[in-house]
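Trainee:
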Amino acid sequence: MRRTLVAALVVSLSGCGVVPGLPARHADAPTSAPPTSQGTSAAPAPATTRTALTISQAGQAMRGWVDKYNATLKMRKWWRQNARLDALFVEAALHEGVIERNHETFKWKPGHRPINLTGTPTIYLPRPERQPRIGDWFIAQATYRDTKGHARPHLLAFFRSPGQPFKLAVATPIHWGQRMPKPRLDADGYVSDMDSVVAGAVAKEYLNFWNNKKKEGASGYRLAKNSYSRKAFPAVNKGLYVAFAGHGSVFGFRTADGGSFFLFALVNDAKSVNQVLSEALLVPKGGNIIQELGADWFS
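With positions in the sequence shown counted from 1, the corresponding number in my numbering is that position plus 22.
1. Whose C-beta lies closer than 6 Å to the C-beta of valine 219 among residues of the same chain, with five residues either side of it excluded?
2. Return the chain-ordered ranges of every beta strand (DSSP E) run that is complete within the segment 125-149 and spans a minimum of 3 residues.
3. Please check the pair leucine 245 and glycine 281, which I expect to be a contact at CB under 8 Å, by giving their CB distance rounded to whole angstroms.
4. Between alanine 278 and the rest of its own chain, which residues show a CB-CB distance below 6 Å, the 5 nearest in sequence each way excluded?
5. Return helix, strand or coil for leucine 75, following the three-state DSSP convention.
6. What residues are listed by DSSP as bridge partners for glycine 316?
7. If we count the other Cβ atoms within 10 Å of its Cβ and call it buried at 16 or more, is glycine 270 buried or exposed?
8. Per DSSP, which residues does threonine 94 bridge with? Please list them.
9. What is the residue span of the alpha helix (DSSP H) that valine 289 lies within?
10. Could you tell me the alpha carbon to alpha carbon distance between arginine 102 and proline 256, rounded to whole angstroms?
11. I need the boundaries of the alpha helix (DSSP H) containing arginine 167, first residue and last residue.
12. Evaluate contact between the segment 289-303 and the segment 113-127, counting only Cβ atoms and requiring at least three cross-stretch pairs below 8 Å.
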């Protein structure tokens, strides 16, 4: 990886590693240990700091991002322009933009495809007063064609710093035969806060599994037997696999039946950007088995 590419990655992600409901974390330079708190509280921001985001506005922001994304993909070697990457992506999604440069080096086709939405996206948005201090986030479920040309539901998490446009943080298609759980909504249609303790443990378990450093279940949770990771690891580990150094922001909410939904991505150290693994997960109420609803390996 060229030094300039690494520098672009670090600068673009600096200060954007928010984990909703948890202390803010950096995703730009993760270490072998779980990302540590940077001392910035993710407590709700005072109402005077920024305008509250509505569900309708989040939907408009998602469509606006798609238009910008599709326009960028038409530009020649867009992945070589740091400003274009930074205008669209943060965190794990920005890693994908950098990896596109590897595709060019090996004369592979670009891994990103235009997004042509089918139907109306579903928006999962926390209440304005529950947004973290450093910005706003929401999750969108949208149907469009995957890289193989099949129309299927995808999950996308967006984040924006105050005064900035929304950028994509993580995305993954939903596995065939799976569907999103119903969220626990309040009277205004906002999702409820996720369980921060479970979120941290689940992300840690995926790092433990993929890096094969600790006994499975050390986090208190285990991957389901039919998970994508169990099937993918044996094949991936024989190739140019680079251990994951940490994870980006964990986006999520409580489900209507008391379970927990999480969306996040595992990322390499900034000096070894080689792959991104995005995960959409469900942990049933009172259970410790992580059910995989969707996953995407970008390398």
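All residues carry an ideal CB built from backbone N, CA and C; glycine is no exception.
Mentor: Checking against the coordinates, here is how it stands:
1. none
2. 140-146
3. Not confirmed; about 16 Å, so no contact.
4. Lys204, Arg206
5. coil
6. Ile196, Ala302
7. buried
8. Answer by DSSP bridge pairing: none, since threonine 94 is not bridged.
9. No alpha helix (DSSP H) holds valine 289; the beta strand (DSSP E) holding it covers 282-289.
10. 32 Å
11. Not the alpha helix (DSSP H): arginine 167 falls in the beta strand (DSSP E), residues 158-167.
12. yes
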